[in-house]
Structure formats: C-alpha cells, structure tokens
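One structure is given here, and the rest of the page talks about it.
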Amino acid sequence: MTATTPLLQLSSIGKQFGGLSALSGVSLHIRRGEIYGLIGPNGAGKTTLFNVITGLYQASSGEFQFNGNSYQAGKPHVLAQAGIARTFQNIRLFANLTALENVMIGRHLRTRAGVFGALLRNRATRNEERAITRRATELLHYVGIDKPGQTLAKHLSYGEQRRLEIARALATEPLLLALDEPAAGMNATETESLKSLLQTIRTGGITVLLIEHDVKLIMGLCDRIAVLDYGKKIAEGVPEQVRKDAAVIAAYLGGGNE
Amino acid sequence: MEIFLQQIINGLVQGSVYALVALGYTMVYGILGLINFAHGEVVMVGAMLALSALTAMLGWGVPPLLALPLSLILAILGCMALGYSIERVAYRPLRHAPRLAPLITAIGVSIVLQNLAMMIWGRQYHAFPQLIDNQSHLIGGAIINDIQIIIFVMALAIMASLMVVVHRTRLGRAMRAVAENQHAAQLMGVDINRVISVTFMLGSALAAVAGLMVSANYGLAHYYMGFLLGLKAFTAAVLGGIGNLRGAMLGGLLLGLIESLGAGYIGDMTGGFLGSNYQDVFAFFVLIAVLVFRPSGLLGERIAERA
C-alpha cells in the first residue's frame, strides 16, 4: 500500500430497507490524512452510510475497501480492529461507567488479557491494566476534559460527553475517525474548540470523516465534501466547488423540476 | 436467644448459597435482559457431577482432601461447558427474537436437563459421603459446624473475587459495557458473543460451587434439587434488584435469613399455623411482596434507566 491509495474506497454501495432504498450506487474515496465531509438534507442516507462502513448494517449491494482490504459485510468489532472508529449522532456512552472507564473500553481492542489473566491478576495483566489507565487518562486530557476521570459519564456536560465519545473512539487507535454530527447541540464556543480539536487529531495522522449540519463548520474544516440526497451522491469536491453546485443548491433550497 | 442466633447462622449459610446462584441469574439478566430459568438445573448438574466424581475417586482410594477439590474443579469445568452450550444452542439463535421466545426455550432446557439427569443418575437421593470430621462448635449457645464455616467463608471469598473481576479488569469492563449498550461496545472492538459466553460460563462456575455446597450441607443430592433452589435464588435476585450484582448478594443473604427466622418464629407466633414446615413458602411471599411493592428490588435501578 502506498500513501496514494485511498484509505477508504466505496464502490456503488446500496442499502435497501424492504422496498425503501436508503442508499443507491454511492461511490467515493477518502484519502489518507484528509478531513472529509458528508452533508445532505435530513434523510439523505448519511447515517445509513456510516452504519454500513462501521458494520452495524450490511450493504445490500456494492463493497468497500478499507486500508487495502475488501469488506461487503463486516462485523463491527472486526472493522474496529481494522481501524474504523465512530461516534454517534445521539450520544451513546456507557452512561453508568466512569469517564475513564469509557475510554478504557476503547483500549479493549488493542489489549489482550483474557479470563485467566483477569482471575489470576498476574504481572502482565497488572502492567497492561496500568498502561490502559495511563493512556486513557492522557486521552481525556487530549480532548480537553478536566473533570476527574471517576466522574460518571452521565454526569458530564453535553459538550464533555461529545468529547468523551471522541476520546473513546481515539482509544481504539483508529486510522479513520468517523464523527456523526459532533457539533449538534453545541454553542458557538464549543463548536470552535471542537474544530481545533479535529484539526489537532488530523495533524496527529488520523483521517477524519465528518457528517455535519453546521455548514460553516464543514466549509471551514473539510478538505473535500460529498453531498448525498435521497441516497445518491449528487456532488463531490472542495468546499468552494460544492457551494456553487447547482444540484446541491436545489437539494437544500428546493426548486429545480423535481 | 440461642434459637435466634442459631437461625441467624443457618440463614447466613443458606443465604450465601442463594447469593452464589442468584449472581448467575443476575449477570445473565444484566447483559441479555433474559431470565435464564435453566440456571437452577446447572446447580443440580454441578452437584451431581461433583458427587459422582467424588464417589468414584474415593472408590479408587484417592484421599478425601484431594478428592474434594478435584471433584469441585471437575464440576466447575463441566458446568462451564454446560452453560456455554445452553447459551449457544438455546439462546443465541433467538437473540433478536421477541423476549418470550428465549424464556420458553429456557424452560425447555430446564426440563430437558432434569430428565437427562434423571436418566443418568436415577430418581433416588444420593448421599453425600462423610469426608471430613465435621466438628461442631458452640458459639453463644448456637451450633455451627465446619462445613457451614467452609461454605460461608468460601462463598464470601468467591463473591469478593467476582466483584474484583467485574469492577477492576478488562473483562469486567467489557461485560459492563455490553450490559449498557451492545452496539457501542461492539464498535469499541468488544466481541459481544465472547463476552456473553464468558458471562454464562462464570455464572455456571458459581452454580457448580453452589451445587456442591448444598449437597455437602444437606448431605443429599438428587435430580430435582435444582428446581426449588433455582426459584429461590431467582427470588433472591429479584429481591436485591435483578441485574445488580451487589443486589444479588444482599438478596441471597436476606432471603436465607428471612427463611430461617420465619421457620424459627412464625410457627410460635401463630400457634403452629405456618410453622417451620412452611419454610419454602416464605421465599415466595417475599417474591410476591417485592413484585407488588418494589418491582425494581432493593438496590435496583428504576426501570426507565434500564431501557
């Protein structure tokens, strides 16, 4: 694999729910190290596409390549292993676990200790547990959560919960970080600091895929953007290009002859 | 006063066994939202396996103090395999089915296991061999024997280790994460099938220990012993708040105390009506009372938080 092969390549992905076609023939590629935006009106299929990429849904047709391997129907933990991490539109933290434990779960993937290690508490297990705790603490600071790690996730503020979800995703050491509307419900200050966090993450070498409604954030942050409407990709390109695209304007503002 | 102390001791010993079994119900419920009604039969199989192994080994001349731990280990391994198979065969294929379906297979598994056990071990009671010189000790007028002490101490040690595993280790963290949100846990790389299998195996190991304890305490084992014991342990889990580990332990100990104090006193208070021969009934009064007045149990969370 060279640096020029795309990290993620979708080839005519389709997804049907009964008679409803949520995605049809979506092809796109995401290059290593870019911040890629996915926008579109409500119900355009953005989250469905996320669910396919992360293995929560099986594609009805088409396939995708991630980091050189092909997947048609992947299991979530396998794709997580391969290096895709995500956050959810509606926050899905482990509410009754502490902030630190939430991040520690993310380390699950890259650590080993099994049942017997857990029961015997040997040296390797204890060392691993210490390393997990240390890394998880670092990540909490990295995303800017100052509250003690022992705080239950449900007691964090909304903005902190969003950041915690990002920290948890980063703990899996992803190649691709997929964020489903991370700025939803944030105020302007919170959005601004989210923006700089995402830039820091990209600088750290992680590719970012972003679904977002905040057009200002998307335009200011993304290297390239794809636009979905009714399950089809209607435009793709750098922000200026997409902003002027006639089909995109029609999709967002209505009009045209549809 | 002597009677009171005696009933407290009996209740705590019996209650610690209920607690071990209740933990098996509550762990599975916590993770899958499923009541594993076959769990009582796993206790029975554990007792039967241990007893068979023990009898065989004593016959070969293995010293009792070696035969006991060996047969316990054998029973634990056997029950772990059984617990794994039950989940694999009866519950996993129905994981996304309506909740009634796995409940019915659970009852089916329970009937199958009882009848298999009857075919293998027969319908008669099996006596538990006298292994150690079971000395009785007098404390403040009440009697406690060595077996009771061993049962109580061992049960507490096992419960403490379980708490360490669940709250301090990678595996326990994965179990709690799966219990909270399966999808999110999968995305963190947790293989939920594995976690669920391990949960069943842990619960079944506890059941095997409990099975051996019960038959050692009463000196008896038979193919039908799992039914009532299972129901009572389930009651204990509900009393403590099903899905909550501390609740299962508390519920088990409380239920043991309620039963033995009830058996010791209610008969006297009512002039013979509902005497000690009604001991088994008290557990189910408790179940009904809890379901009516506090369905989420003593330590249980409100239902809204669970969903």
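Chains as they are written, first to last, in this note's numbering: chain A, 4 to 261; chain B, 1003 to 1309.
Where a beta carbon is used, it is the ideal one built from N, C-alpha and C, also for glycine.
Residues of the segment 1057-1083 of chain B with a C-beta less than 7 Å from any C-beta of chain A: none at all. Counting C-beta atoms within 10 angstroms of its own C-beta, A:K247 has fewer than 16 neighbours from the protein chains shown and is therefore classed as exposed. In summary, A:D217 is buried, with 16 or more beta-carbon neighbours lying within 10 Å of its beta-carbon over all protein chains present.
Ranked by how close their Cα comes to the Cα of B:Q1009, the residues B:A1265, B:N1117, B:L1076 have B:A1265 in first place. The DSSP assignment places no complete alpha helix (DSSP H) segment of no fewer than 4 residues inside the segment 135-171 of chain A. Where B:I1146 is concerned, the enclosing beta strand (DSSP E) starts and stops at 1144-1147. The beta-carbon of B:H1185 is placed less than 9 Å from the nearest beta-carbon of chain A. Below the 8 Å Cβ cutoff, chain A contributes no neighbours of B:M1161, its closest Cβ being approximately 14 Å away.
Separation of B:L1158 and B:M1121 (C-alpha to C-alpha, rounded to the nearest whole angstrom) is 34 Å.
When the alpha-carbon of A:T8 is set against those of A:V29, A:L31, A:R35, A:L23, the nearest one is in A:R35. Our two residues, A:L13 and A:S27, have alpha carbons roughly 12 Å apart in a direct line. Across the structure, A:L231 and B:G1048 are spaced so that their CA atoms are roughly 58 Å apart. The Cβ of B:M1156 sits no closer than 9 Å to any Cβ of chain A. With contacts defined as CB atoms closer than 9 Å, A:E184 and A:I214 qualify as a contacting pair. In the three-state reduction of the DSSP assignment, A:Y255 falls in the helix class, which pools H, G and I.
The alpha carbon of B:Y1086 has as its nearest neighbour, out of B:V1240, B:G1026, B:L1247, the alpha carbon of B:G1026.
DSSP places B:G1048 inside the alpha helix (DSSP H), whose first and last residues are 1041-1061. Between the alpha carbons of B:P1100 and B:I1106 lies a distance of about 11 Å. For B:M1190, at least one C-beta of chain A is nearer than 9 Å to its own C-beta. Relative to B:L1007, the option among B:G1269, B:G1143, B:A1212 whose CA is nearest is B:G1143.
The bridge partners DSSP lists for B:H1139 are B:I1146. According to the DSSP secondary-structure assignment, A:G40 is paired through a beta bridge with A:L213, A:I228. Short of 8 Å from the beta carbon of A:S199, and not among the five residues preceding or following it, lies no beta carbon of its own chain.
Contacts with chain A at 9 Å (Cβ-Cβ) do not include B:T1272. With contacts defined by Cβ atoms closer than 9 Å, A:G40 and A:A249 do not form a contacting pair.
Three or more beta-carbon pairs separated by less than 8 Å link the segment 1218-1229 of chain B to the segment 1115-1132 of chain B, which places the two stretches in contact.
For the 9 Å CB-CB criterion, B:E1043 and B:I1198 do not form a contact.
Taking a contact to require three or more Cβ pairs closer than 8 Å, the segment 1136-1150 of chain B and the segment 1224-1233 of chain B do not qualify as touching.
Taking each of A:L182, A:L173, A:E168, A:G234 in turn and checking the Cα distance to A:G48, the smallest one comes out for A:G234.
Neighbours of A:R171 in chain B, taken as residues at a C-beta separation under 8 Å, are given in chain order as M1190. In the structure shown, B:H1169 adopts helical secondary structure according to DSSP, grouped into three states. For A:D183, the enclosing beta strand (DSSP E) has its first and last residue at 179-183. At least one C-beta of chain A is nearer than 9 Å to the C-beta of B:I1194. B:N1246 and A:T136 have their C-alpha atoms some 25 Å from each other.
By the neighbour-count definition (other C-beta atoms within 10 Å, threshold 16), A:K18 is a buried residue. When DSSP reads this structure, B:H1128 sits in a beta bridge with B:A1223.
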